[in-house]
Amino acid sequence: MGTIRLTTSQALIKFLNQQYIHVDGKEFPFVEGIFNIFGHGNVVGIGQALEQDSGHLKVIQGKNEQGMAHAAIAYSKQMLRQKIYAVTTSVGPGAANLVAAAGTALANNIPVLLLPGDTFATRQPDPVLQQFEQEYSAAITTNDALIPVSRYWDRITRPEQLMSSLIRAFEVMTDPAKAGPATICIAQDVEGEAFEYDEQFFDKRVHYVDRKAPLERELNGAAELIKASKKPVILVGGGAKYSQARDILVALSEKHQIPLVETQAGKSTVESSFKNNLGGMGITGTLAANKAAYESDLIIGIGTRYTDFATSSKTAFDFDNTKFLNINLSRMQAYKLDGFQVVADAKTTLEQLAPILEGYESKFGSTITELKEEWLSERDRLSKVTFDRHHFNPEVKDHFSQEVLNEYADALGTEFAQTTALLTINDTVDADSVVICSAGSLPGDLQRLWHSEAPNTYHLEYGYSCMGYEVSGTLGVKLAEPDKEVYSMVGDGSFLMLHSELITAIQYNQKINVLLFDNSGYGCINNLQMDHGSGSYFCEFRTHDDKILNIDYAKVAEGYGAKTYRANTAEELKAALEDAKKQKVSTLIEMKVLPKTMTDGYKSWWHVGVAEVSNKESIQQAFELKEKKLEYAKQY
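Numbering (UniProt numbering), first residue to last: 1 to 636.
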């Protein structure tokens, strides 16, 4: 067996170029490229290796470590976890900026390869720039903060360690049951250290993603539960989307009259126009989906983690009469809510269940159509919400005074309602466009109101709901969908937190569209505090003399080089959207929208901590209500 003398970094890049994935008979490279921000700890190591020979890898310069990692995560998510970008950073703060992104990838089960630099393995120059010191151990570095937010984590202090570490990392990233971030921290001196690597290590390596079939016991048990149920409901989670189970879901739903409801990750697995698709379930769900779920005697959870938002903090179901059937590649997830477990691929399981369910039909009958029509009527009503300065708007939460709304209308120069703006966008953009969001009140409005008319066109990061993902993620989606228009739905709070990859999109001529909803504050959290009896406290954006901030975001984006628009009416918004479609450069449409004009919950409840002791009667009442709700759900 021959050897080849390479630095650790050169070996890393050579290995990444030879990793392939095999899915459903198709084989293609697994690593598309690498995002980088070079600094000490990676510029003369990994940077040198890329400059010498990057192979087929696309090399993209990021602007913020968290932002470029979010772009990489969004790319993988949009590619249904079948391709990735790697991410390399310097030591210290550069590495620390990966922590929020790694948590985002872990919560969403998204593979991404993180390659932060590390301090010296020899410790000869310690402490180096950006190295902190702990009295109890000299081995602790910033990168230890990445351990709890990585699916796989390793530190390379010898060149030969790279071989076993990379193989382990790719095994994790290409396993649908445990996919997540793999972090390999490489000591900066070791990055440039040479070693005689076996040539065979750089042979083409194919990672097979085979669909795990259910056992006969699992199939029979699942079929028995479904046949015994009168009103089953299928909860479509992200695992159903990654499994590409759309066709079999539609077939089973139609044949057996089983309604579909969706999690944020599962939305757009099946298009919204499908007659039995009742939309999102839970806290940010539709009235139709939440009614069906509570009426159901069997929830068929497909690829879902049953998060608090999907389950309304475990109050969405009639536990006295409802059973759970969980189809999931993760055995841990399949055990949720004490359900019957089918640990297998979603699409394969449903296809094998189909013949066993022959002759079965649920008792929902025309109820599915009635529920959907009721919700569509409500959706239509929300599309026409208007603001009246003289009469209190019934759509607006009653804890926000008319005077404050008038103040916002005057300060922002708008009377635009957020729901009207959102539905105007939905009616105007192309059906195959992809919408991206993550945090704030917009995810709730999107899950309830947005109609996805093509599969995999709704991209919500709601496992971590990480503010700042929106713009960065849109760049990642554009890299995955170069021929589609992609739209970042972002509030002003999230935009201020992180939007630096808009510059990267402009720099690399990757056209993205940023739709900025500006209500001058953290509107979602302002709702949360006021819904639970508190006043409006430090969630509005106000100046030192208590004036509402009015920032010209269009001018900010124009300075970056984006084509910008200002739209404070439905007519202005339609015109801006149509013109934005014609542009070749990235765009930003700034919309000033009134606070408290987002949608509210429909038969749902969110368990959050409420002060048990307070001198405010409204908080005391909120605590009492929480205790009553919790009494119902706490046993689960």
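We put the CB at the ideal spot given by N, CA and C, even for glycine. Quantities reported herein were computed from a predicted structural model and do not represent experimental measurements.
List, from N- to C-terminal side, the alpha helix (DSSP H) runs of 4 residues or more that fit wholly inside the segment 80-124.
As summarised for the segment 80-124, the continuous alpha helix (DSSP H) elements at least 4 residues long and confined to that stretch are 93-96 and 99-107, given in chain order.
Could you check if GLY535 is buried or exposed, using at least 16 other CB atoms within 10 Å of its CB as the buried criterion?
By 1-based counting over the sequence shown, the position of residue 535 is 535. By the C-beta density criterion, GLY535 is exposed, having fewer than 16 other C-beta atoms within 10 angstroms.
Check each candidate in ALA293, GLU572, SER377 and THR322 and name the one with the smallest Cα separation from THR428.
As a first step, residue 428 must be located in the sequence shown, where it is residue number 428. With respect to the C-alpha of THR428, the residue from ALA293, GLU572, SER377 and THR322 having the closest C-alpha is GLU572.
Could you compute how far the alpha carbon of GLU485 sits from the alpha carbon of GLY559?
Walking along the sequence shown from the start, residue 485 turns up at place 485. Walking along the sequence shown from the start, residue 559 turns up at place 559. Rounded to the nearest whole angstrom, the C-alpha separation of GLU485 and GLY559 is 22 Å.
Please say whether GLY103 and VAL149 have beta carbons closer to each other than 8 Å?
In the sequence shown, the residue the question calls residue 149 occupies position 149. In the sequence shown, the residue the question calls residue 103 occupies position 103. Yes. Within cutoff.
Just to confirm, is the Cβ distance from LEU244 to LYS347 under 8 Å?
Here residue 244 refers to the residue found at position 244 when the sequence shown is read from its first residue. Here residue 347 refers to the residue found at position 347 when the sequence shown is read from its first residue. The question names Leu, but residue 244 is Gln in the sequence shown. Inclusion of GLN244 and LYS347 in the CB contact set at 8 Å is warranted, their separation being smaller than that value.
With a 10 Å radius around its C-beta and 16 neighbouring C-beta atoms as the bar for buried, classify residue 640 as buried or exposed.
No statement about residue 640 is possible, as the shown extent of the chain runs from 1 to 636 and does not include it.
Restricting to runs no shorter than 4 residues, where is the alpha helix (DSSP H) found entirely within the UniProt domain "Thiamine pyrophosphate enzyme central" (220-353)?
Listed in chain order, they are 238-242, 246-256, 287-295, 308-311, 331-334 and 346-353.
Which term fits SER296, buried or exposed, when burial requires 16 or more other beta carbons within 10 angstroms of its beta carbon?
Mapped onto the sequence shown, residue 296 falls at position 296. Burial check for SER296: the Cβ neighbour count within 10 Å reaches 16 or more, so the residue is buried.
Could you name the residues of the same chain whose beta carbon sits closer than 8 Å to that of SER273, not counting the 5 residues immediately before and after it, in chain order?
Here residue 273 is taken as the residue at index 273 of the sequence shown, counted from 1. Contacts found: HIS451 and GLU453.
What's the C-alpha gap between ILE619 and SER313?
For the purposes of this step, residue 619 is taken as the residue at position 619 of the sequence shown. For the purposes of this step, residue 313 is taken as the residue at position 313 of the sequence shown. ILE619 and SER313: Cα-Cα distance of roughly 20 Å.
For ALA72 versus GLY476, is the C-beta distance shorter than 8 Å?
Here residue 72 corresponds to residue number 72 of the sequence shown, with the count starting at 1. Here residue 476 corresponds to residue number 476 of the sequence shown, with the count starting at 1. Judged by their CB atoms, ALA72 and GLY476 are nearer to each other than the 8 Å cut-off.
Starting from CYS185, follow its DSSP beta bridges and name the residues at the other end.
What you label residue 185 is simply residue 185 of the sequence shown in a count that begins at 1. Beta-bridge pairing links CYS185 to ARG155.
Using three-state DSSP, classify ALA194 as helix, strand or coil.
On the sequence shown, residue 194 is found 194 positions in, with the first residue counted as 1. In this structure, ALA194 counts as strand in the three-state DSSP scheme.
Whose CA, out of GLU193, ASP430, HIS256 and VAL91, lies closest to the CA of GLU578?
For the purposes of this step, residue 578 is taken as the residue at position 578 of the sequence shown. Nearest of GLU193, ASP430, HIS256 and VAL91 to GLU578, Cα basis: ASP430.
By the three-class DSSP mapping on this structure, what secondary structure does VAL3 have?
In the sequence shown, the residue the question calls residue 3 occupies position 3. This sequence places Thr at residue 3; Val is not what is there. In the structure shown, THR3 sits in a strand (DSSP, three-state: E or B).
Provide the residue span of the alpha helix (DSSP H) that contains LEU515, from first to last.
On the sequence shown, position 515 is the one that residue 515 refers to. Segment 513-518 is the beta strand (DSSP E) holding LEU515; no alpha helix (DSSP H) there.
Could you tell me the distance, in whole angstroms, from the CA atom of TYR335 to the CA atom of TYR522?
Residue mapping note: residue 335 aligns to position 335 of the sequence shown, counting from 1. Residue mapping note: residue 522 aligns to position 522 of the sequence shown, counting from 1. For TYR335 and TYR522, the gap between their C-alpha atoms comes out near 36 Å.
Can at least three beta-carbon pairs, one atom from the segment 480-494 and one from the segment 514-531, be found at a separation below 8 Å?
Three or more beta-carbon pairs separated by less than 8 Å link the segment 480-494 to the segment 514-531, which places the two stretches in contact.
State the beta-bridge partners of TYR458 as determined by DSSP.
Here residue 458 is taken as the residue at index 458 of the sequence shown, counted from 1. VAL435.
Starting from MET598, follow the beta strand (DSSP E) in both directions and report where the run begins and ends.
Here residue 598 is taken as the residue at index 598 of the sequence shown, counted from 1. Going by DSSP, MET598 is part of no beta strand (DSSP E) at all; its letter is neither H nor E.
Is the Cβ-Cβ distance between GLU378 and LEU287 less than 8 Å?
As a working note, residue 378 is residue 378 in the sequence shown. As a working note, residue 287 is residue 287 in the sequence shown. Closer than 8 Å, so yes.
For the structure I just gave you, are there three or more beta carbon pairs, one from the segment 181-195 and one from the segment 207-221, closer than 8 Å?
Contact fails: fewer than three Cβ-Cβ distances are below 8 Å.
For HIS22, report the span of its beta strand (DSSP E) as first-last.
Counting from one through the sequence shown, the residue named residue 22 turns up at place 22. Element bounds for HIS22: 19-23.
I'd like to check one pair, MET591 with ALA421: are the Cβ atoms closer than 8 Å?
Start at 1 with the first residue of the sequence shown, and residue 421 comes out as number 421. Start at 1 with the first residue of the sequence shown, and residue 591 comes out as number 591. The answer is yes: Cβ separation under 8 Å.
Taking all protein chains shown into account, decide if SER137 is buried (16 or more other Cβ within 10 angstroms of its Cβ) or exposed.
Position 137 of the sequence shown, counted from the first residue, corresponds to residue 137. Classification for SER137: exposed.
What does a CB cutoff of less than 6 Å around GLY221 pick up in its chain, not counting 5 residues either side in sequence?
The count along the sequence shown starts at 1 and reaches residue 221 at position 221. When the five nearest sequence neighbours on each side are left out, the beta carbons in the same chain lying within less than 6 Å of the beta carbon of GLY221 are those of PHE340, in order along the chain.
If you measure between the beta carbons of ALA575 and THR564, is that distance less than 8 Å?
Position 575 of the sequence shown, counted from the start, is the residue given in the question as residue 575. Position 564 of the sequence shown, counted from the start, is the residue given in the question as residue 564. No, they are not a contact pair.
May I ask which residues mark the beginning and end of the alpha helix (DSSP H) holding PHE495?
For the purposes of this step, residue 495 is taken as the residue at position 495 of the sequence shown. Under the DSSP assignment, PHE495 falls in the alpha helix (DSSP H) whose first and last residues are 492-497.
Can you tell me which of the three DSSP states PRO176 falls into?
Position 176 of the sequence shown holds residue 176. Residue state, collapsed to three classes: coil.
Locate the alpha helix (DSSP H) running through GLU65, then write down its first and last residues.
The residue you call residue 65 lines up with position 65 of the sequence shown. Start and end: 65-78.
Would you say ILE46 touches the ligand ZN, meaning its beta carbon is less than 7 Å from a heavy atom?
You won't find the ligand ZN in this model; it holds no ligand whatsoever.
Check the DSSP bridge columns for ASN36 and list the partner residues they point to.
Position 36 of the sequence shown, counted from the first residue, corresponds to residue 36. In the DSSP assignment, ASN36 is bridged to GLN61 and THR88.
Looking at the unbroken alpha helix (DSSP H) that takes in PRO443, where does it start and where does it end?
Numbered from 1 along the sequence shown, position 443 holds the residue referred to as residue 443. Per DSSP, PRO443 belongs to the alpha helix (DSSP H) from 442-449.
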